[in-house]
Structure formats: C-alpha cells, structure tokens
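Colleague:
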DNA sequence: ATCCAGGTATGCA
DNA sequence: TGCATACCTGGA
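Numbering (the numbering used here), first residue to last: 102 to 395.
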C-alpha cells in the first residue's frame with residue numbers, strides 16, 4: 102500500500118486541565134470532527150489544516166502527540182489552536198447553570214474536561230455541509246474521499262481536505278462520486294459563491310453572533326443547524342447552540358420540551374445555558390450518545 | 001423490499 | 001408563520 106511516514110517520538114502537550122482517554126475519544130470522535138480514526142488502543146490519528154498527528158492520553162490525563170517528521174515543526178502551535186489549549190473548559194463549564202440543573206450536573210460529572218475543538222473554518226463548513234441527514238460513519242466516509250481525491254497530500258498516505266478554491270475546480274459530478282448525494286450541489290454552489298467572494302469566509306471574527314449566523318445562512322445548503330456547528334466548532338463561538346434531531350429529542354425528554362421546534366429549542370438553550378451554551382450542548386450530546394436508551 | 005439517516009429549500013394553506 | 005415534501009444513496 103502507501104508508504105508510511107516516519108513518526109516523531111511522543112511529545113507532551115500542555116492543556117489547562119486533564120483529559121482522560123474516554124473523554125479524549127468523545128472530543129475527537131463525538132461529532133465535532135469527522136477526521137479522526139483509532140489507530141491503536143487509545144491512539145487517535147487525525148488530520149486538519151496542513152497537520153497530521155497522533156494523540157493519546159497518558160494514565161494521568163496528560164496528552165502526548167506524535168507527527169510525521171516532515172510535519173513536526175508546526176505541529177505544537179497547530180495543536181494548541183486546534184485543541185483550544187488557551188481555554189480552560191472546566192472553568193467555562195463551571196459557569197454553566199449546573200447548580201440548578203441536575204441533568205446538566207450529571208453530564209458535567211460524566212465527561213470531565215470535555216473540550217470544544219477550534220477547527221479551521223473552511224473545513225468545518227465543508228464537513229457540516231456533508232452532514233445533512235447522514236450518520237457519522239457516512240460523513241467520515243464522504244470527507245475521507247474528498248480528501249483523498251481532491252486534497253493535497255501532506256505526508257505519504259495522508260491528504261488534507263480540499264480548500265474551497267480547490268473545490269471550486271471540482272465538478273458536481275465528481276463530488277457526487279465522493280458519495281455526497283444531493284449535498285454535492287450545496288458544496289458546488291457554495292464553492293462557486295466563495296470563489297466569487299474572496300475573503301468572505303474570513304470576515305466573521307468581529308460580527309455579533311446573530312449577524313455571523315445570518316451571514317453563514319446565506320450560503321447554499323447552510324441553515325441554522327449547520328451555521329451553528331460552523332460557528333461553534335470552527336470559530337470558537339461558544340454561544341452557538343446547534344439543534345439536530347438528537348438534541349431535539351434530548352431536550353424534549355430531559356427538559357420537558359415536547360413539541361418544541363428546533364428554533365425554539367435553540368433559543369431556550371442559549372437563554373438557559375448562557376454564553377457557553379455550545380459547551381452545554383456538547384455535554385448533552387455526549388450524554389445521549391452514552392445513555393441514549395436509558 | 002421499504003425505510004431512514006446529526007438538514008435545507010421550496011411550495012402551498 | 002406553519003407544515004409537508006423533495007433531495008441522493010448506502011445500509012439496516
């Protein structure tokens with residue numbers, strides 16, 4: 102098969118709080134990203150931006166990373182950004198209303214140190230455009246094909262996701278060949294729009310949440326849920342509260358919101374959980390993934 | 001075989 | 001504003 106890169110030794114990675122192996126798994130493979138695979142027991146391998154790394158949690162909750170030798174130089178700073186290493190998520194979690202919300206309290210206790218990733222905005226947009234009415238396994242397959250067929254090779258056998266300017270050069274037919282189905286049209290149209298509006302994706306930093314979200318919703322195939330995912334996982338906007346069918350069911354069940362629309366639930370979530378509502382959403386999601394049938 | 005999947009856009013009351 | 005329906009397609 103493809104030649105294997107030569108990997109660095111394991112290096113320490115500093116985070117503000119420990120991250121035990123099961124919680125690391127939830128962070129990397131719990132629906133925020135679709136680009137991580139379990140390489141060996143407790144060893145995750147993933148790619149984003151121009152990075153390829155392996156990650157594992159040591160017994161004490163400290164993290165170790167390794168990278169292909171050729172990519173090792175930039176890995177520490179890229180990892181720090183990706184894992185939002187400057188953010189203390191335990192502190193943000195403590196700001197949530199767990200003292201008066203028993204369900205939230207048990208979610209926090211079940212996944213100590215749960216983090217929100219800070220992924221590249223463009224990649225996040227692409228991945229969540231592919232996510233509409235698909236299961237995680239299938240989304241991983243789609244973006245894996247997009248990377249392999251249309252993304253630059255970073256190291257032997259490892260490809261990055263195509264940039265939007267690269268995607269603009271890919272036909273809708275070839276996107277469909279990556280199993281995107283009707284999402285191929287959304288990706289093609291968004292690529293065309295972005296090609297005609299240079300810098301459009303970079304103009305979000307200073308916009309208020311509602312404006313940034315409205316702006317994202319101008320893109321073909323982007324509605325409220327996808328916009329919230331892009332803002333939360335790709336822009337560090339923790340007030341975003343994505344409501345998918347699972348969160349809709351979870352909120353109905355745990356908070357008595359039967360019959361509420363996604364938009365109503367999103368509004369409730371932002372009001373009830375506050376400025377870190379998106380972190381609460383991730384905890385609720387993790388809980389349902391683990392205890393959904395209870 | 002038939003139905004559904006981590007949504008969105010569109011067309012009608 | 002609110003609700004139903006189409007949109008692709010692999011897998012249960």
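Glycine is no exception: its CB is placed at the ideal position from the N, C-alpha and C atoms.
My output table needs one value for residue 141: the three-state DSSP class, helix, strand or coil.
Modeller: Locating residue 141 in the first chain gives position 40, where the first residue counts as 1. Correct three-state label for residue 141: strand.
Colleague: For the candidate residues 259, 136 and 125, whose alpha-carbon lies nearest to that of residue 171?
Modeller: Taking the first residue of the first chain as 1, we reach residue 171 at position 70. Checked all of 259, 136 and 125; the closest Cα to residue 171 is 259.
Colleague: Under 8 Å by Cβ, that's how I've got residue 247 and residue 208 pegged, so tell me the actual separation to the nearest angstrom.
Modeller: As a first step, residue 247 must be located in the first chain, where it is residue number 146. As a first step, residue 208 must be located in the first chain, where it is residue number 107. Actually they do not touch by this definition, with Cβ atoms about 33 Å apart.
Colleague: Restricting to Cα atoms, I'd like to know which of 289, 257 and 262 is closest to residue 272.
Modeller: Residue 272 sits at position 171 when you count from the first residue of the first chain. Taking only the C-alpha atoms, the option nearest residue 272 is 289.
Colleague: Helix, strand or coil for residue 317 per DSSP?
Modeller: On the first chain, residue 317 is found 216 positions in, with the first residue counted as 1. Note: residue 317 maps to helix in three-state DSSP.
Colleague: Quick one: what does DSSP say residue 153 is sitting in, helix, strand or coil?
Modeller: For the purposes of this step, residue 153 is identified with residue 52 of the first chain, where counting begins at 1. If DSSP states are grouped into helix, strand and coil, residue 153 belongs with the strands.
Colleague: Does the beta-carbon distance from residue 143 to residue 134 come in below 8 Å?
Modeller: As a working mapping, residue 143 is identified with position 42 in the first chain. As a working mapping, residue 134 is identified with position 33 in the first chain. Using a Cβ distance threshold of 8 Å, residue 143 and residue 134 do not count as a contacting pair.
Colleague: If we ignore side chains and look at the alpha-carbon of each, how far apart do residue 160 and residue 223 end up?
Modeller: To locate residue 160, count along the first chain from 1; it is residue 59. To locate residue 223, count along the first chain from 1; it is residue 122. If I take the Cα positions, the gap works out to 34 Å.
Colleague: Below 7 Å, is the gap between the Cβ of residue 209 and the nearest heavy atom of the ligand SAM?
Modeller: In the structure shown, the ligand SAM is absent, as is every other ligand, since no ligand is present at all.
Colleague: Tell me the residue span of the alpha helix (DSSP H) that contains residue 303.
Modeller: Within the first chain, residue 303 is the residue found at index 202, counting from 1. Note, residue 303: premise wrong, no alpha helix (DSSP H); not H, not E.
Colleague: Using DSSP's beta-bridge definition, name the partner residues of residue 259.
Modeller: Along the first chain, one-based indexing puts residue 259 at 158. Note: residue 259 sits in a beta bridge opposite 256.
Colleague: According to the neighbour-count rule (16 or more other Cβ atoms, all chains shown, within 10 Å of its Cβ), is residue 378 buried or exposed?
Modeller: For this step, residue 378 is matched to residue 277 along the first chain. With 16 or more Cβ atoms within 10 Å of its Cβ, residue 378 is classed as buried.
Colleague: Can the beta-carbon of residue 145 be found less than 8 Å from the beta-carbon of residue 157?
Modeller: Within the first chain, numbered from 1, the residue matching residue 145 stands at position 44. Within the first chain, numbered from 1, the residue matching residue 157 stands at position 56. Cβ distance < 8 Å, so residue 145 and residue 157 count as in contact.
Colleague: Helix, strand or coil for residue 112 per DSSP?
Modeller: Numbered from 1 along the first chain, position 11 holds the residue referred to as residue 112. Strand.
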